[in-house]
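Have a look at the structure below before the remarks.
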Amino acid sequence: MKALIIGGAGFVGGYLIRELAGAGFEVHATCLPSEKIDNESCTVHTLDILEKDDVTAVLNKVSPDVIFHLAAQSSVAVSWKKPQLTADINIKGTINVLEAMREAQKQDMRILLIGSGEEYGFIHEGACPISESEPLNPGNIYAATKACQGMIGEIYFRAYKLDIIMVRAFNHSGPGQLPMFVISDFCRQIAQIEKAEHEPEMMTGNLSAMRDFTDVRDVVRAYRLLAEKGVSGQTYNVGRGQAVTVQTILDTALSMAECEISVKRDPSRMRASDIPIIEPDVSRIFADTGWRAEISMEQTIRDTLDYWRSNTQN
Ligand code: A2R
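Numbered according to the working numbering, the sequence shown spans residues 3 to 316.
Here's what the structure looks like:
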């Protein structure tokens, strides 16, 4: 099987390249001209998905069996500051990819559109575990563009019979993730404190919110299994299916620290409208592929902490 990862230079891309190469796929990956992919197990192509003709050229050159569309403006914070850019990349960019796929000479090409659990947004009490059929109520620009990506995917599936799978990935984490995400943030702070680069004080936001965390290595395995066994036209939640409080994440991370650390609330890290619980129903992906998360949250936290300990300039 020949795979093309669009947006392969990001956090998930590196793991997905390894997962697919390990499973025997011929792997091609794209990155922006400003980015780099250092991985010998894939062929790299530069691509800006806003350039439709370039998307067509890469698709025709590689002629993949399956495309993993990861390219995105993936930051919620940036999406507030740059809504037009976020809409351009996440919506127009996706349309460019789908149009290029529609025009491609190859008939049996599958695509996974990677969306987000954020698409559900403000969910009503009692909706959790939230299933794929639940209405979407996005609460930020990023989430709205990802919901739109999924809707356009469904339309292309129905109208043009393209082989499209929509994915809603919930929180995922692991070594190498940027510290704007909670597990990476806590682990980085601990590593800095252990090296005495920081006061022994952990800054936190809202600790009572319950979120569903999956290791990125499990997530990319889910993507591979969906590419192999997922049902065309279907939308799949990808997550552990067991939410925990951010307090639990903090306590687990602190229990691994090599020194005493006190906890301090940082008002700048509190979000105005934090939804109390977000937990996916993952029965559909389990039924269709047999996938479920296997790596424990403790392991993810330990590996992320070790990552920051060995990356001194953090
Ligand atoms: O924004 P950058 O410079 O980090 O580049 C990102 C890249 N990208 C693009 N690629 C092609 N054409 C564009 N116009 C364009 N704009 C941005 O896509 C980055 O290298 C990659 C996305 O990777 P991350 O931002 O690290 O996301 P991550 O965590 O790998 O998540 C993968 C997917 C995304 O669609 C998320 O929205 C979803 O999973 O949850």
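Note that beta-carbon positions come from the ideal geometry of N, C-alpha and C, so glycine has one too. Since this is a predicted model, take the numbers as computed values, not measurements.
Note on geometry: alpha-carbon atoms of residue 96 and residue 151 lie some 7 Å from one another. Beta-bridge pairing by DSSP links residue 267 to 206. Taking 3 residues as the minimum length, the beta strand (DSSP E) runs contained wholly in the stretch 48 to 117 are 68 to 71, in order along the chain. Within the stretch 145 to 232, complete beta strand (DSSP E) segments of at least 3 residues are found at 165 to 171, 203 to 206, given in chain order. Distance from the CA atom of residue 111 to the CA atom of residue 35, rounded to whole angstroms, is 25 Å.
Taking 7 Å as the cut-off, the C-beta of residue 33 counts as close to a heavy atom of the ligand A2R.
Straight through space, the alpha carbons of residue 209 and residue 156 are spaced by roughly 36 Å. The set of residues with any CB-heavy atom separation to the ligand A2R below 6 Å comprises, in chain order, 9, 11, 12, 13, 14, 15, 34, 37, 49, 50, 51, 52, 72, 73, 74, 75, 76, 91, 95, 116, 118, 171.
Non-local C-beta neighbours of residue 193 in its own chain, meaning closer than 7 Å and more than five positions away in sequence, comprise 307, 310, 311, 316, ordered along the chain. Counting every other CB atom within 10 Å of its CB across the protein chains shown gives residue 126 a total below 16, marking it as exposed.
In the three-state reduction of the DSSP assignment, residue 21 falls in the helix class. Residue 132 carries a strand assignment under DSSP once its states are collapsed to helix, strand and coil. With respect to the 8 Å criterion, residue 75 and residue 91 are classified as neighbours on the basis of their beta carbons.
A straight line joining the alpha-carbon of residue 170 with that of residue 62 spans about 28 Å. Per DSSP, the beta bridge partners of residue 238 are 169. Taking a cut-off of 8 Å for Cβ pairs, the stretch 79 to 86 and the stretch 24 to 34 do not touch, as fewer than three such pairs fall below it. Excluding sequence positions up to five before and after residue 139, its CB lies within less than 6 Å of the CB of 123, 124, all in the same chain and listed in chain order. When the five nearest sequence neighbours on each side are left out, the beta carbons in the same chain lying within less than 8 Å of the beta carbon of residue 262 are those of 202, in order along the chain. Beta-bridge partners assigned by DSSP to residue 4: 28. Distances from the CA of residue 185 to each of 252, 232, 137 were compared; the closest alpha carbon is that of 252.
At the C-beta level, residue 159 and residue 302 stay beyond 8 Å of one another. Residue nearest to residue 147 within the set 106, 80, 205 is 80 (criterion: CA-CA distance).
Residue environment for residue 204: buried (at least 16 other C-beta atoms within 10 angstroms of its C-beta). In the three-state reduction of the DSSP assignment, residue 10 falls in the coil class. The secondary-structure analysis by DSSP pairs residue 139 across a beta bridge with 123. Residue 120 counts as buried, since no fewer than 16 other beta carbons sit within 10 angstroms of its beta carbon. Straight-line measurement puts the Cα of residue 166 at about 5 Å from the Cα of residue 235. With distances taken between CA atoms, residue 224 lies nearest to 241 out of 241, 211, 213.
Closest option to residue 200, judged by alpha-carbon separation, among 191, 113, 304: 191. By alpha-carbon distance to residue 7, the top candidate from 114, 98, 26 is 114. Here DSSP, grouped into helix, strand and coil, assigns residue 248 to helix.
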